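Protein chains: 2
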Amino acid sequence: MKKQQERNKVPLMVRNIRDIARFAGVSVATVSKVINNYPNVSSKTKERVLQIIRDEQFIPNSTARGLVKGRSNTIGMFLTTGLSHPFLVNVLAGMESVLKEVGYDIIYLANSEWNSDYSLVRHCMSRNVEGVLIFGFQRHDFNFDEMLQSEIPSMFIDMDVIGPRAGYVTSDNVESMKTAVRYLQQLQHRKIAFVAGQLDSYVGKIRFEGYRQALMEAGLPYVSEYISIGDFTKESGYKAMKSFMELEVPPTAIICSSDMGAIGVIEAAGEAGISVPGDVSVVGFDDIEMSRHMYPKLTTIRQDFMTIGSQSILLLNKMIHTPNFPPPALIVPTELIVRDSCAVCKE
Amino acid sequence: MKKQQERNKVPLMVRNIRDIARFAGVSVATVSKVINNYPNVSSKTKERVLQIIRDEQFIPNSTARGLVKGRSNTIGMFLTTGLSHPFLVNVLAGMESVLKEVGYDIIYLANSEWNSDYSLVRHCMSRNVEGVLIFGFQRHDFNFDEMLQSEIPSMFIDMDVIGPRAGYVTSDNVESMKTAVRYLQQLQHRKIAFVAGQLDSYVGKIRFEGYRQALMEAGLPYVSEYISIGDFTKESGYKAMKSFMELEVPPTAIICSSDMGAIGVIEAAGEAGISVPGDVSVVGFDDIEMSRHMYPKLTTIRQDFMTIGSQSILLLNKMIHTPNFPPPALIVPTELIVRDSCAVCKE
DNA sequence: TTGTAAGCGTTATCAG
DNA sequence: CTGATAACGCTTACAA
Numbered sequence: 002m003k004k005q006q007e008r009n010k011v012p013l014m015v016r017n018i019r020d021i022a023r024f025a026g027v028s029v030a031t032v033s034k035v036i037n038n039y040p041n042v043s044s045k046t047k048e049r050v051l052q053i054i055r056d057e058q059f060i061p062n063s064t065a066r067g068l069v070k071g072r073s074n075t076i077g078m079f080l081t082t083g084l085s086h087p088f089l090v091n092v093l094a095g096m097e098s099v100l101k102e103v104g105y106d107i108i109y110l111a112n113s114e115w116n117s118d119y120s121l122v123r124h125c126m127s128r129n130v131e132g133v134l135i136f137g138f139q140r141h142d143f144n145f146d147e148m149l150q151s152e153i154p155s156m157f158i159d160m161d162v163i164g165p166r167a168g169y170v171t172s173d174n175v176e177s178m179k180t181a182v183r184y185l186q187q188l189q190h191r192k193i194a195f196v197a198g199q200l201d202s203y204v205g206k207i208r209f210e211g212y213r214q215a216l217m218e219a220g221l222p223y224v225s226e227y228i229s230i231g232d233f234t235k236e237s238g239y240k241a242m243k244s245f246m247e248l249e250v251p252p253t254a255i256i257c258s259s260d261m262g263a264i265g266v267i268e269a270a271g272e273a274g275i276s277v278p279g280d281v282s283v284v285g286f287d288d289i290e291m292s293r294h295m296y297p298k299l300t301t302i303r304q305d306f307m308t309i310g311s312q313s314i315l316l317l318n319k320m321i322h323t324p325n326f327p328p329p330a331l332i333v334p335t336e337l338i339v340r341d342s343c344a345v346c347k348e
Numbered sequence: 002m003k004k005q006q007e008r009n010k011v012p013l014m015v016r017n018i019r020d021i022a023r024f025a026g027v028s029v030a031t032v033s034k035v036i037n038n039y040p041n042v043s044s045k046t047k048e049r050v051l052q053i054i055r056d057e058q059f060i061p062n063s064t065a066r067g068l069v070k071g072r073s074n075t076i077g078m079f080l081t082t083g084l085s086h087p088f089l090v091n092v093l094a095g096m097e098s099v100l101k102e103v104g105y106d107i108i109y110l111a112n113s114e115w116n117s118d119y120s121l122v123r124h125c126m127s128r129n130v131e132g133v134l135i136f137g138f139q140r141h142d143f144n145f146d147e148m149l150q151s152e153i154p155s156m157f158i159d160m161d162v163i164g165p166r167a168g169y170v171t172s173d174n175v176e177s178m179k180t181a182v183r184y185l186q187q188l189q190h191r192k193i194a195f196v197a198g199q200l201d202s203y204v205g206k207i208r209f210e211g212y213r214q215a216l217m218e219a220g221l222p223y224v225s226e227y228i229s230i231g232d233f234t235k236e237s238g239y240k241a242m243k244s245f246m247e248l249e250v251p252p253t254a255i256i257c258s259s260d261m262g263a264i265g266v267i268e269a270a271g272e273a274g275i276s277v278p279g280d281v282s283v284v285g286f287d288d289i290e291m292s293r294h295m296y297p298k299l300t301t302i303r304q305d306f307m308t309i310g311s312q313s314i315l316l317l318n319k320m321i322h323t324p325n326f327p328p329p330a331l332i333v334p335t336e337l338i339v340r341d342s343c344a345v346c347k348e
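Read top to bottom, the protein sequences are chains Z and F.
Under our numbering, think of the first position of the first sequence as 2, with each following residue one higher.
Under our numbering, think of the first position of the second sequence as 2, with each following residue one higher.
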């Protein structure tokens with residue numbers, strides 16, 4: 002009764018666990034136990050404390066909690082915003098879907114000019130993050146190796162690196178290429194060209210590698226004129242197609258390392274009066290939104306960004322909580338989306 | 002000399018400010034002063050302490066710091082990942098460009114099923130964020146009002162709400178529409194139709210409003226048959242165009258609330274043998290990447306996402322540090338990008 | 001110029 | 001089952 006009055010009289014907001022303790026007429030230790038759901042609290046006091054916590058809208062201070070527990074409940078994320086990444090929101094959605102489950106929030110760590118005085122790792126440590134997600138980086142980025150070798154659990158997205166506490170998630174790029182080649186082979190194509198991305202990027206290299214393996218498995222010859230090294234952009238696809246058209250024996254099908262590249266290929270074909278898929282078949286990679294809105298609708302390899310996002314978090318969570326967890330390498334399956342840009346080979 | 006040996010002998014990493022103090026033979030207070038660059042420290046000790054900090058790669062614990070200072074150096078961000086947002090990465094890039102300058106990192110707060118026990122605001126408070134960014138929300142989202150009325154400084158992106166401590170940033174939607182109408186008027190168009198987005202979304206409503214005002218200022222009549230309410234998607238543009246074509250007096254120009262809508266319009270026109278821009282002119286909104294890769298290349302309103310991102314942070318920073326800072330409302334200019342989808346009216 | 005010591009809001013240990 | 005009390009790592013009066 003007295004307590005009740007006291008509470009009504011004092012409009013001062015509850016600031017901490019001690020205020021709650023005072024109102025409830027118990028010690029802070031007890032309140033803490035209630036909050037953390039410890040077993041050894043009588044249900045009466047527990048109920049009373051909980052009631053007050055609800056009434057007062059009390060929220061424990063996560064900073065203080067983090068200090069004493071040595072945890073931050075936070076995962077750091079580095080992102081290269083330089084290159085526009087249309088999938089980002091999809092990957093994020095995948096992450097978000099499991100964030101509550103693992104109890105982490107993601108802190109987006111701003112890139113700065115890293116140097117030896119202030120490295121990625123130091124930024125992570127100063128923020129006390131329990132793990133790190135790395136996305137859109139290049140192998141040669143500054144401080145990359147330090148991160149890779151550090152003790153901070155980390156997951157790399159689209160980069161096949163393994164460190165003592167570092168794993169990765171990426172699409173099954175090799176199998177994707179085999180699928181594409183097999184599909185074109187079913188359509189009687191034998192002259193299959195390839196538009197590569199930068200070979201110093203992981204996905205650029207691995208997709209090229211996949212293409213070569215696929216050719217081999219299909220018993221198709223590797224023709225160096227059928228290779229064009231680009232950079233995932235539409236422009237590089239456009240140029241690739243121009244060069245293919247000048248060949249004495251041009252390819253009848255073209256696999257691209259990106260949908261944007263495929264769009265460039267199709268544009269160049271259109272300008273030259275070459276029909277897609279009438280004269281040449283085209284396969285893309287990514288399945289960006291545009292793919293199903295263009296003409297012809299693009300047949301392409303769809304990446305499963307939701308899974309990439311959710312698994313990167315889930316695996317990171319495992320690493321964080323399992324001391325000797327072997328650094329995971331997850332290859333996420335892709336899917337061939339058949340639309341209108343491929344047809345049976347006429348030759 | 003003795004200290005030196007001690008350091009070499011003990012490979013144990015430096016864990017805290019006290020270790021540094023011990024190594025340097027000073028008190029923790031002095032170390033703290035050095036770290037925080039206080040004036041009243043002799044340059045000798047300062048140098049010595051700094052040297053040790055560098056040698057030992059010491060990083061002050063930001064959690065402890067946050068606890069005592071009552072700050073987290075963190076801005077929370079809520080995002081609706083449900084609707085795919087292709088601009089996100091651009092807005093993020095804008096934010097990133099100023100993050101270091103203001104000294105914040107962004108914590109991406111996972112959405113959960115908000116209810117009265119655990120609201121947006123409570124999540125923010127538990128994380129001790131100093132301010133909040135809200136992006137992609139709808140007015141009727143749960144707990145929205147609580148956030149709006151709360152004392153936590155917040156900036157809404159693409160939503161014109163003002164609260165005691167809440168401001169917003171958005172593109173100049175109204176002026177954009179006026180620009181589009183004026184441009185079409187210059188091309189002799191008088192029958193200008195409009196494809197709206199959802200009217201329960203802020204940008205859907207405001208762009209419609211802008212279109213009406215623009216018509217008025219241009220002295221053009223408002224014809225209700227020339228309005229189609231859609232939802233920013235390609236499909237709704239497609240349907241809109243279908244309905245416009247059935248009119249006895251069809252429009253000669255169409256303004257869309259989104260580029261995707263414009264793409265739908267153009268597709269419907271193409272199927273009906275109507276030439277763009279020969280028979281009908283089309284203007285989009287957003288300037289998504291696809292706009293310059295389609296045929297015809299789309300004339301559209303470009304939003305300045307970099308500025309939206311950077312200003313939302315900068316203004317939030319101002320609000321946080323200025324007690325009575327009036328909640329800002331920033332309208333960011335757009336730009337008409339003239340490409341190939343508009344032509345002089347034939348009539 | 002430097003050091004002492006009292007917090008910041010929690011959790012955890014250990015007595016009662 | 002409950003309650004003192006000592007941490008956690010840092011900042012900051014205030015004293016020396």
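The C-beta atom is built at its ideal place from N, Cα and C for all residues, glycine as well.
All values reported here derive from a predicted model rather than from experimental measurement.
Residues near residue i in its chain [Cβ-Cβ closer than 6 Å; skip 5 each side]
i	result
L331 (chain Z)	V170, Q312
F79 (chain F)	L110, I135
R293 (chain Z)	none
S342 (chain Z)	V277, P278, V283, P297, L299, T300
I107 (chain F)	I76, M78
E336 (chain Z)	R303
V345 (chain F)	L188, Q189
N9 (chain Z)	Caution applies to N9 (chain Z), whose pLDDT of 37 falls short of 50 and renders its modelled position unreliable; the model cannot decide the point.
Nearest candidate by alpha-carbon position, reference residue i, set the options
i	options	result
S120 (chain F)	Z:F59, Z:N174, Z:I135	Z:F59
R49 (chain F)	F:S63, F:S28, F:K298, F:F145	F:S28
S153 (chain Z)	Z:M160, Z:G231, Z:I135	It is Ile, not Ser, that sits at residue 153 (chain Z) in the sequence shown. Among Z:M160, Z:G231, Z:I135, the Cα nearest to that of I153 (chain Z) belongs to Z:I135.
N144 (chain F)	F:N112, F:I107, F:V175	F:N112
R140 (chain Z)	Z:V133, Z:V69, Z:I158, Z:S127	Z:I158
G205 (chain F)	F:R183, F:M178, F:K192, F:G220	F:M178
G26 (chain Z)	Z:N41, Z:R123, Z:K47	Z:K47
Q52 (chain F)	F:T64, F:Q214, F:V35	F:V35
V92 (chain F)	Z:P87, Z:V92, Z:A94, Z:M96	Z:P87
S225 (chain Z)	Z:A219, Z:D20, Z:Y212	Z:Y212
A22 (chain Z)	Z:G95, Z:L89, Z:I54, Z:Y39	Z:I54
R128 (chain F)	Z:T64, Z:V99, Z:S127	Z:T64
L317 (chain Z)	Z:D288, Z:E247, Z:S155	Z:S155
G262 (chain Z)	Z:F24, Z:M291, Z:V133	Z:M291
Per DSSP, the bridge partner or partners of residue i
i	result
L331 (chain F)	F:V170
Y109 (chain F)	Z:I107, F:M78
A215 (chain Z)	None, per the DSSP bridge assignment.
I302 (chain F)	F:F286, F:L337
M156 (chain Z)	Z:L134, Z:G168
V196 (chain F)	F:S229, F:C257
Own chain residues within Cβ distance below 7 Å of residue i, not counting five before or after
i	result
L149 (chain Z)	V162, G164, A167
P12 (chain F)	Low per-residue confidence applies at P12 (chain F): pLDDT is 39, beneath 50, and the placement is therefore not dependable, though the value from the model is reported in the following sentence. Closer than 7 Å at the Cβ level, and outside the excluded window around P12 (chain F), lies no residue.
I18 (chain Z)	V29, V32, S33, P61
S258 (chain F)	V196, A197, G198, G205, R208, F233, F286
R191 (chain F)	L221
T349 (chain F)	Since the first residue shown for chain F is 2 and the last is 348, residue 349 (chain F) is missing from the structure and cannot be characterised.
E7 (chain F)	Summary for E7 (chain F): the model assigns pLDDT 37, below 50, so the residue's position carries little reliability; its value from the coordinates is reported in the next sentence. Cβ neighbours of E7 (chain F) beyond the five flanking positions: none.
Cβ neighbours of residue i in the same chain (closer than 8 Å, five flanking residues each side left out)
i	result
K319 (chain Z)	F326, P329
K3 (chain F)	Note that K3 (chain F) has pLDDT 32, beneath the 50 cutoff, so the model's placement of it is unreliable and no number is given.
Q5 (chain F)	A caution first: Q5 (chain F) carries a pLDDT of 34, below 50, which makes its placement in the model too unreliable to give a value.
CB-CB length for residue i against residue j, believed under 8 Å
i	j	result
Y105 (chain F)	M160 (chain F)	Contact doesn't hold; Cβ gap of about 21 Å is too wide.
K235 (chain Z)	I264 (chain Z)	5 Å
D305 (chain F)	V333 (chain F)	5 Å
A194 (chain F)	I255 (chain F)	5 Å
I314 (chain Z)	V122 (chain Z)	With 8 Å as the limit, I314 (chain Z) and V122 (chain Z) do not qualify as a contact, their Cβ atoms being about 20 Å apart.
Next on the checklist: Extract the residue ranges of the alpha helix (DSSP H) inside the segment 245 to 280 of chain F, only unbroken runs of 4 or more that lie entirely within it.
Outcome noted: If only uninterrupted alpha helix (DSSP H) runs of at least 4 residues are considered, those enclosed by the segment 245 to 280 of chain F are 260 to 272.
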